[in-house]
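Residue numbers (the working numbering): 1336 to 1401. Using N, Cα and C, we set each Cβ at its ideal position, and we do this for glycine too.
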Amino acid sequence: MLQCIVQGRDVKCPDAQQIVYTIKERQYFEHIDKAYNYASKLLLDLLMNEKDLMARLRFVDKKCLY
């Protein structure tokens, strides 16, 4: 996340909420799961689209395996 902040990328989760202590642990899991899913989506988008991961993997495949 620090790199995203340095690069000017907005990484704020739209579902972000402050976690308040409660006896119901399920609420924690729901908040954490939403944040995890959002971060995973951002990372996958960054790798696949902006950094062109597939092209890089094809290059490595051609150079190293042949």
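Option in the options with minimal Cα separation from residue i
| i | options | result |
| --- | --- | --- |
| residue 1355 | 1363, 1349, 1368 | 1363 |
| residue 1371 | 1360, 1358, 1348 | 1348 |
| residue 1352 | 1394, 1359, 1367, 1360 | 1367 |
C-beta atoms of residue i and residue j nearer than 8 Å
| i | j | result |
| --- | --- | --- |
| residue 1350 | residue 1369 | yes |
Any alpha helix (DSSP H) of 4 or more consecutive residues that is wholly inside the segment 1337-1392: 1337-1341, 1360-1380
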